[in-house]
Amino acid sequence: MAKKSAVEKNKRRVALVSKFADKRAALKAMAKDESLSLEERFNARLKLAKLPRNSAPTRVRNRCEVTGRPRGYYRKLKMSRIALRELGSLGKIPGLVKSSW
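As numbered in the UniProt record's numbering, the sequence shown has no gaps in its residue numbers, which increase by one up to the final residue, 101.
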């Protein structure tokens with residue numbers, strides 16, 4: 001089980017990302033727009049830089065929904081490899097058969 005503080009910090013980041021997503025997208029579009037003047041584009045970059053760092057989507061870490069583990073994460077299942085194996089062995093994931101050779 002991961003530290004609760006790390007999991008909670010990541011949840012706060014996810015909330016910030018969703019809160020500032022529209023504003024961030026608009027400012028990025030303004031900064032990339034070639035039809036605007038150089039000064040307007042620069043101001044858009046400055047406003048973008050003033051937004052909280054944790055509102056950037058790259059700051060969010062994929063974590064296992066079951067254990068909070070940050071590594072060995074399967075996006076499709078939203079869980080780590082270890083939790084997947086455990087739940088698969090218990091028969092809680094339909095269609096998953098443990099391989100042995």
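Even for Gly, the Cβ is constructed at its ideal location relative to N, Cα and C.
Under the assumption that residue i contacts residue j (Cβ atoms under 8 angstroms), give the Cβ distance between them as a whole number of angstroms.
i, j, result
"R13", "N54", "5 angstroms"
"V7", "V60", "That pair is no contact at about 12 angstroms."
"K32", "L48", "With a Cβ gap of about 11 angstroms, K32 and L48 do not count as contacting."
"R85", "Y74", "No, R85 and Y74 are not in contact; Cβ-Cβ is about 11 angstroms, not under 8 angstroms."
Can you check whether the CB of residue j is closer than 8 angstroms to the CB of residue i?
i, j, result
"A15", "R63", "no"
"G88", "K98", "yes"
"F20", "L51", "yes"
"E39", "M30", "no"
Could you tell me the alpha carbon to alpha carbon distance between residue i and residue j, rounded to whole angstroms?
i, j, result
"K76", "G68", "16 angstroms"
"V66", "R24", "31 angstroms"
"K4", "P57", "21 angstroms"
Can you pull the DSSP bridge partners for residue i?
i, result
"M79", "Y74"
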